[in-house]
Structure formats: C-alpha cells, structure tokens
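Protein chains in written order, with the numbering used here: chain W, 1 to 124; chain V, 1 to 101; chain Y, 1 to 80; chain G, 1 to 145; chain F, 1 to 491.
Where is the CB? At the ideal position from N, CA and C, for every residue including glycine.
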Amino acid sequence: MVSVLSSFGGGQLQYALAAVLLLIGLYGMLVKTNFARKLMAMNVMQVAVIVFFVSLAVRSGGTPPIEIEHEAAVAYANPLPHALMLTAIVVSVSTTGVALALLIRTHRRFNTLDESELLDRLRE
Amino acid sequence: MIGRLTVLLLIPALVVLLQAAAELPAVGDGTSPAFTHVAPYYLEHAHEETGAPNFVTAVLADYRGYDTFGELTVIFTAGLACLLILGTRDEPSRPRDEETP
Amino acid sequence: MIDTLGPLFLLLMVVCAVAALSVKELLSAVTIFGAFSFFSAAFFVVQDALDVAFTEAAVGAVITTVFFVCAIKRTTGRSV
Amino acid sequence: MRSRFGSPVLDASARLLAPFMWLFAAYVMVHGHDSPGGGFQAGVILAASIVMLRLVRGGGTGSGLSSRGALTLACAGPLLFGGIGIGSLFSGGNFLDYGALPLPMDPVQVRVIGTLGIEAGVMLGVTGVLVLIFDVLASWDDGTV
Amino acid sequence: MSRHLPILIVLCPLVGALIVPLVGRVSVRAARGLTVLATMSSLACAVAALREVLSGDDWHYHLGGWAPPWGIEYVVDPLGGGMAVLVALLATLVAIYAGPYLRGFSSLRGATFDSLFLLLTGGLLGITLTGDLFNLYVFLEISSLAAYALLGSGGERAVVATFRYLLVGTIAASFYLLGLGYLYALTGTLNMADLAIRLAAVPSGSAATVGVVLIVVGLAVKMAVFPLHGWMPDAYTYAPPPVTMFIAAVMSKVSAYALIRLLFFVLPAGDAVATARDVLGWVAVAGVLAGSVLALPQKDVRRMLAYSSIGQMGYIVLGVSLGNAAALTGALLHVGAHAVAKGCLFGAIGSMPRQTVQVEIAGFAGAARRAPLTMAAFTVAALSLIGMPPTAGFFSKWYLLRGALEADAWVFAAVLLVSSLLSAIYFFRLLEQIYFADGPPVSEPGQASGVARRSWRVVAPVVTLGAIVLLIGLFNGALVTSVIERALPEL
Chain W
1 MVSVLSSFGG GQLQYALAAV LLLIGLYGML VKTNFARKLM AMNVMQVAVI
51 VFFVSLAVRS GGTPPIEIEH EAAVAYANPL PHALMLTAIV VSVSTTGVAL
101 ALLIRTHRRF NTLDESELLD RLRE
Chain V
1 MIGRLTVLLL IPALVVLLQA AAELPAVGDG TSPAFTHVAP YYLEHAHEET
51 GAPNFVTAVL ADYRGYDTFG ELTVIFTAGL ACLLILGTRD EPSRPRDEET
101 P
Chain Y
1 MIDTLGPLFL LLMVVCAVAA LSVKELLSAV TIFGAFSFFS AAFFVVQDAL
51 DVAFTEAAVG AVITTVFFVC AIKRTTGRSV
Chain G
1 MRSRFGSPVL DASARLLAPF MWLFAAYVMV HGHDSPGGGF QAGVILAASI
51 VMLRLVRGGG TGSGLSSRGA LTLACAGPLL FGGIGIGSLF SGGNFLDYGA
101 LPLPMDPVQV RVIGTLGIEA GVMLGVTGVL VLIFDVLASW DDGTV
Chain F
1 MSRHLPILIV LCPLVGALIV PLVGRVSVRA ARGLTVLATM SSLACAVAAL
51 REVLSGDDWH YHLGGWAPPW GIEYVVDPLG GGMAVLVALL ATLVAIYAGP
101 YLRGFSSLRG ATFDSLFLLL TGGLLGITLT GDLFNLYVFL EISSLAAYAL
151 LGSGGERAVV ATFRYLLVGT IAASFYLLGL GYLYALTGTL NMADLAIRLA
201 AVPSGSAATV GVVLIVVGLA VKMAVFPLHG WMPDAYTYAP PPVTMFIAAV
251 MSKVSAYALI RLLFFVLPAG DAVATARDVL GWVAVAGVLA GSVLALPQKD
301 VRRMLAYSSI GQMGYIVLGV SLGNAAALTG ALLHVGAHAV AKGCLFGAIG
351 SMPRQTVQVE IAGFAGAARR APLTMAAFTV AALSLIGMPP TAGFFSKWYL
401 LRGALEADAW VFAAVLLVSS LLSAIYFFRL LEQIYFADGP PVSEPGQASG
451 VARRSWRVVA PVVTLGAIVL LIGLFNGALV TSVIERALPE L
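Next up, the structure:
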C-alpha cells in the first residue's frame, strides 16, 4: 500500500483521487439503504469516470482546445475525451431522470424508499 | 455489518485501481499515446476540414457526429421512459399489479 | 498553480461526496450534491475542459438538482 | 403543487429574466463552433428558463411550452438531426456526411451549415425532453400531452 | 441505397421511434403499423447485408464519411451481421405479437410503448454493428434505458426490480467506460480494429489488465451472469409479456456478443484475457448449476424460465471461457438457439389466460387441448432447452461438450450433463401438465380474455419461433458451415 502511494509523484494524483471518488460512489450504492441516496452515489460514481477522462486530456502548460489564430505550436488539450464526456454527462442525467421516475412510482405504491422495507413488502 | 464487508471488498479494489493508475502516463504528459495517435489529427485538420475553431465541437458534431446522434437518442429515450413509467396526470399508469386481467 | 488547483478541487469534491452521502436530511444532501457538481465544474475549468465544465454546471448543478428536488418533494409528501 | 410562489417580485423578475436566457441560449448555440457551448448547453439553458417559469408562475399559460409541445419538440429535434443525416445520404454521401449536402457553397461552409443544423436539432430535442421529464416528475403537466 | 445498408439496419427502428409518438396522436393503427414496418425493413436490410457479407468481404461503413480511427465506423461481418439478423427477426415477431397486448392502452401510452420498443431494438442493433468502443457504450445506454422503461411499465413489483436493475446496470456501464478510459490512455484510439493492433504493442502491465477486467466485468454484469442476477427473476415475472419475450430472448445475448467480440477480436490474447476467461469459466459453472437448481422449486413458470435463463447464459459463457473452435461454435449456436427458444416459451406463456399475477404450473393443465399450436411450439422450445435431438439446443450443447472434451475440461463437461438432467426434470413436470393433466373445460367463462389474446397475431409469432427452433436443429450443419464457422475468430 505504502509503495503504491509513494509511486504517485503527483503525476498520477488526479487518477488516484478519481479512483477514490469512484469507490465512494460504489460504496454508497452498495451500502446506503435509501434509494434516493443510492442515486446520488450513482451520480458521484459517474462524475468520477468523467474526472478520469478529463484528466487524460489535460496537457501541462496547455490551453483549452479552441484554436487561437496566428499562433503556431500551441499545446492544446486533447479534444476527444472532452467530446466523449459531454455524451457521458447526458447519459448520466438521462439515467437519473429515469431512475427518479421509477423512484416516484415505487413510493406511490409502497410509501417507502428504504430498500430493506421494500423487500419485506414485496415478500408479503 | 454489510457496510464493513463492503469496505473490506472495496479496499483491495482501491489498491488495484491505484496500482493501475500508477502505470498510466502522468497527467499533463503531452507525449502519451492519447496525445500522439488520434488527437493530433483533429488539432491539425479540424479547422480546415469542418470550419469549427472549437475542436470539441468539431469532434462532437462532425468527426463523431454519430455519437451525438446517439446521445440525443439516449435523452429522447429517457423522456419517453419517464412518460411510460409515470404516465400523465389525466392518465396515470395503469395499476397493473395484483389484478391483471 | 494549475497543477495544485486540480487536486484541490478534487479533494473538495471528495469531501462533498462524503457529506452528501452521510447527511441525514435528504434535501440537504441534494444541496450538497449541487455543491459537488459545482466543484466538479470548477475542476473541469482548471483542466482546460471548458465545454465539459459548461455542461456539468448546467446539467449537474441545475437540471439534476431540480429533478432530485422534485422527486424528493413528491416522495416525502410536502408540496413544492 | 400547482400553487405559485405568489410574490409579484419573483413573477416580474422571472418574466424579465426569461427573454435574456433565451437570447443567451441562442448565442451559446450559434457560437458553439468557436467558443465553448453548443446545442446541448443551449437546450439545457432553454429548458432551465422554462422550468423557472413553471416554478414561479405555476404552469399553465405563460410558462412558455405545454407538455404536449414539449413532446413534439422532443421528437422534432432528433428528427431534424436524423433528417440532415439522411439528407446527406440521399445526396451521395454517407450518413451524417454534411459535406455532401446540395448547397451552393464550398464544402467547408456546407459543413458549417450542417453542423449548425444538427446543433439546432440537439437544442430543440434537449429542451423538449428536459421539460417533459420535469413535467412528468413534478406532475406539472396540464394534462394534454 | 444498397451502399448504405449497414446504417439503414439501425436507422429504420431509430427514426421509426422518433415518428411513432407523433403519428400516434393521429392514428393508433398507423403507429402500430409503422412499428411493425420499421422492424420488418430493418430485418430485410440485415438479411441483405448478411448475404452480401457471406459472399464477400467484411463491410466497413464510415459514418460521416470520416475514415477510422478519426471517425466512427460500422462493421458488418458474419458474426455481427448474424447477430443483427437474430435481433431484427425477434423484434419483428415481437412487434406483431405486442398488438393485442396494447389494445387496452391509451393512444399516448401505446405509442410511447411502441417507440421505446423500437429504441430498444435500435440500440441492440447498434451494438451488434458498431466498430467503435465508445459508440458501443452509447448504444448500450440507449438499449438499457429503453429496457428499464419497458420492464418498469409492468406494475409496481416490476418497478422495484427494475430500479435495482438500473443501479446494477449503471455500475456495469460505468465500469465499461472506465475500462475504456484505461485502454484509451494506453493506446490513444477508440476504434476496435485499430485498438487491437495498438494494444498488442503495449507491454502488458497492470493498467492494461485492469482495463480489460473492468470491461469484461461490465459486460458480464449486463449479461446477468450468476451472482449478479438478483433483479432478473422479478423483472421477468412482472414485466408485460411482449417485453419479457423480447428482453429474455435477445438482451443478454447481445451483451454476450459484445463480450465475444471484445475478447476474441479486439483485446490481444495475453495474460489479462486468459485470466479473465478462466474466471469467467468458473463463474459460468456456478451459474449453470445455480440456475438449474434454483429453477426446480419455482411455482411460477416465468420465474422458473428466468432461472433457467441464468443457467443457459452460463452455457454461453462456458463456451467463451473454453475458447476453442468447437466450444465457440457451440456458444454462438447456443446464442441463436436459446434466443429463439426463450422467445417462444415466454411468448407462449404470455398468451395464456391469466387470472392471477402468477402463472402457476398447474395453470397449464390440459393446455394442449385448448391451444394445440401454441403448446406444440412451446414443447419444441422446451425440448430445445433440455437438449433433445433434433432441436437446436441439442446441437449447441453437443458442440459445447465436444469443446470441453477437447480442452480436457472434465468438470465443465460434467456440469453440462448434470444441468441438462435438471432442466429435463423441471420441463417434464410442465409438459406432463400440458398433455396429460385434466384442465378446466374449454367453455369456462373466465377464459374470455385468454381467447381474445389468442388472435393470429399472438399465435403466429410463437409458432414461427417454434418452427425456427426445429429448423436450426435440422439444418444446423448448413448454418455452422455457412455462417458460424466464418464468424469464428482466427484461433
């Protein structure tokens, strides 16, 4: 563990923090019992993936990927991961919308959002 | 109880992810494969080929326009999904649970 | 400068994520989640990802939060 | 759910704010190809303005877009996008090959026009869908989808 | 236009889905007709494209006119084209089958249902044809979101199961995307063919391994392999019949296809892939056994079939794990055989009169006299799942067994035989009810709704599927030599 951490000279620190964020989200999705809370954890997890991709695209001393005229050899950031992540953000908001609709429907019938209570009700 | 078990499972996952991350090119490294293979083509040709100085727009709307079509379809799907699941006010989704004909 | 700002915002995001998952009241959690989205947008700005930051700010901090508030209002029985 | 916030100040400021938001959305969309932004962001801003009007004025008239209209927009946006793609299919290019569109301009400019067209499609579609989802989630629709 | 066949396969359902809600306002019948038309034309395009590919080279279609790896490409090869035909065929039959079910719906709800069904079809077809890893993710999400909505439209119990499916599915998709990020960081490309070349040059290390593992885990979770199947029995039991029919038949098969595509065509054969395949093998063994055992005590037939699906998916994963030519042939044949048979079984069950939420086994008493055609198809499909000759299931299991013996994997071979025995037990219990038990008299009043459901639109798709199960079995040799052998990777 220590050897792993010491290998991060700062160059990979952002990847490490993205991994931490991902696992916080995963933990929340697995452990929290309230469905709305699970959804927030899901969003955290999705943002973690976006953070990872954006970290791949950054170039030190670089500029945003918008062309500056009359300046040769500018170190632009990589536009491809940015474009991909725009799609990923849309996917995450879509998933959240559908999940919330399911959530409201569940609540309308069972009057609870707690996972264990719901499972008990379903077995009745 | 479940919480502790999950943490026990997640810590090795974290170690593995960190180990893998340590092998990736450093953040900001302009010589990594991500910067040397496909991306330079966009940076060199996007403006003249697509007329868009914003490279992200060039990639999003032109080179990978089909992904954007897919993205729009995803959000369209989400809209219809909410409509089907919750129904509208004048026509709440049918209570087809216990008394299905 | 930029090299330290990125990890700093990431740390703030971690703090917000933990807080959003552990706060008792659901509505407070949603608010903190909005802050989380805001910090992530700030992170994307310092990473030169302006388009992503713009989208995340608009979607994460506004639309997702509004959706969450709607759903939580409806599932806790209070009116908007 | 349907009650307004009631405050005339809120009402007036929302009414004042909305046109500026629409203007900003148009700016964001049109300038998508040389500055950050584009159809998706513009659509989100438009949807946010309509949701704001709904929240302040309590739906019904004056909130910009009915639920039925939102569904129509949600279909029309992607159809515009797909239509441009299929248009290029019929004029000799591959799907979404805007350069093949039969417009009397040089190919790069045709591509810019095509890109603008699909960004408009994205904007309309995103606006429609987000308003629709809000209406369904908040059960704010006027019952006429 | 024939130059554009690959994209037309996907565009037909997608554009159809965009038009159906608008048409549905004017005429419900027109919207229904449009749905069937869209799936049919997609099927026609898929068949034409597959024929073209079988007589020539793989078909590369560059979207937007941009050559890969800068743009996105569609690739039709015997594997992808065959999958597309399978998906489009089932979609067409289910689109016809859904007609009577939708009769009680309002026009808006019916159009929304149809539109989402088309989106699901389009999403699955996109997965089978795309040659780009990120594009695969986008279409995976289209199909997943549509599936959540369709499964969740069945009632509140289905909604809870669907919510849990959504959480699991999103974790899977995020894993896939993260794994994709690792591979992109190492190679700088997203195109499958390009990635295969460039990844082979990357020195193997833990980053590449983690990327591969994340992608494999993500797709395996989407397939509902054994320990992650929790949502499935509930969702299949409570979802509307046409939805269960379609999703049980093709959805997990398409994920299996994606897994085969990535493991054998994209990722280089190295330690990472070998480890992933070993682990998958043991997961598959557990899944086959657990699925077969858990299916035994089920009272509800749909729940029983859901557990049997878990076991049957295990067979496919087993074939992937063994990875030799015979085993992969078996896995691919089983993808087709199981898709058609499961569709037939769930279709037949959906046509049964339903008084309660449960479809008890006892409810099938004497069904053969009331619905001889449907039950004949049901029987053929059931025999195929057990693995009786001359149905399709026998031959796929035979190839799998041969693959296991070739690889000296005695445990796998034993598991195959044991689980066939178990499935024989639970299916014969059911077949006994259908043919030998005394059912209620035909004129019982409670059956009116069942008779109404049994219009030709319900019977014809089910019978067609049953016939296809037999045809695949009878002509399996031709199918294997003309399509599947050409779809196999170079081993």
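Cβ-based neighbour list, residue i, same chain, cut-off 8 Å, excluding 5 preceding and 5 following
i	result
W/Thr186	Lying before the first or after the last residue shown, residue 186 of chain W is absent from chain W, which here runs from 1 to 124.
F/Asp132	Pro68, Ile72, Glu73, Leu190, Asn191, Met192
W/Leu84	Phe53
Residue i versus the options, residue with shortest Cα-Cα distance
i	options	result
F/Asn492	F/Met83, F/Gly330, F/Gly319, F/Val75	The requested residue 492 of chain F does not occur in the structure, where chain F is confined to residues 1 to 491.
W/Leu119	F/Val36, F/Glu156, F/Gly291, F/Tyr137	F/Glu156
Y/Ala20	W/Leu23, W/Gln14, W/Arg37	W/Arg37
W/Val31	V/Gly79, V/Ala22, V/Ala46, V/Leu9	V/Leu9
G/Leu73	F/Val36, F/Ile484, F/Leu18	F/Leu18
F/Val221	F/Met313, F/Phe134, F/Tyr184	F/Met313
G/Gly43	G/Phe134, G/Leu132, G/Val136, G/Leu124	G/Leu124
F/Gly24	F/His334, F/Leu102, F/Ile96, F/Pro489	F/Leu102
V/Tyr66	G/Leu10, G/Ser7, G/Ile84, G/Ile113	G/Ile84
Y/Ala42	Y/Ser22, Y/Ile72, Y/Leu11	Y/Leu11
F/Pro203	F/Cys12, F/Val26, F/Pro268, F/Trp456	F/Pro268
W/Tyr15	V/Thr6, V/Leu5, V/Ala26	V/Ala26
8 Å Cβ cut-off: residues of chain G touching residue i
i	result
V/Ala39	None at all; the shortest Cβ gap to chain G is about 18 Å.
W/Ala77	Those do not exist, as W/Ala77 stays about 12 Å from chain G at its closest Cβ, beyond 8 Å.
Own chain residues within Cβ distance below 7 Å of residue i, not counting five before or after
i	result
F/Gly363	Met352
F/Phe139	Gly123, Gly126, Ile127, Thr130
Within chain V, partners of residue i - CB distance below 9 Å
i	result
Y/Asp51	Asn54, Val56, Thr57, Leu60
G/Gln109	Gly51
Neighbourhood of residue i by C-beta, 6 Å cutoff - its chain only, sequence neighbours within 5 removed
i	result
V/Ala20	none
Y/Gly60	Ser37
F/Gly343	Leu90, Met245, Ala249, Leu465
G/Leu130	Ala47
F/Ile434	Phe364, Ala367, Ala368, Met375
F/Arg303	Pro233, Thr237
Environment of residue i [buried if 16+ CB atoms lie within 10 Å]
i	result
G/Gly92	exposed
G/Ser16	The displayed chain sequence assigns Leu, not Ser, to residue 16 of chain G. G/Leu16 should be labelled exposed.
F/Gly211	buried
G/Gln41	buried
Y/Ala58	buried
F/Glu360	exposed
F/Ala448	Because the pLDDT at F/Ala448 is just 43, under 50, the model does not fix this residue reliably, and the value given afterwards should be weighed accordingly. It counts as exposed.
G/Gln109	exposed
F/Thr35	buried
V/Ile11	exposed
Y/Lys24	exposed
Neighbour list for residue i in chain W, Cβ cutoff strictly below 8 Å
i	result
V/Leu10	Leu23, Leu26, Tyr27
V/Gly30	Arg59, Ser60, Gly62, Ala75
G/Leu137	Gly97, Leu100, Ala101, Ile104
Interface residues of chain W facing residue i [CB-CB closer than 7 Å]
i	result
V/His47	Glu67
Contact set between residue i and chain F, taken where Cβ atoms lie within less than 9 Å
i	result
W/Ser94	Glu141, Leu145
Residue i: contacting residues in chain F (beta-carbon distance under 7 Å)
i	result
V/Val74	Val138, Glu141, Ile142, Leu145
G/Pro78	Leu18
V/Leu14	By Cβ distance, chain F contributes nothing, its closest Cβ being about 12 Å from V/Leu14, past 7 Å.
Chain-ordered neighbours of residue i on chain F, where CB pairs are closer than 8 Å
i	result
V/Ala26	What V/Ala26 touches in chain F: nothing, since even the nearest Cβ is about 11 Å away.
G/Thr72	Leu22
W/Val47	The contacting residues do not exist; W/Val47 stays about 10 Å from chain F at best.
Chain V residues whose Cβ lies nearer than 8 Å to that of residue i
i	result
W/Val91	Glu71, Val74
Chain Y contact residues for residue i, given Cβ-Cβ distances below 8 Å
i	result
G/Ala47	Ile63
G/Gly37	Asp51, Phe54
Partners in chain V for residue i, counting only beta-carbon separations shorter than 7 Å
i	result
G/Phe81	Phe69, Leu72
Contacts of residue i in chain G (Cβ-Cβ under 7 Å)
i	result
Y/Ala17	Here the premise fails: no neighbours, minimum Cβ distance about 23 Å.
Contiguous beta strand (DSSP E) assignments of at least 3 residues, all confined to the region 86-112 of chain F
none
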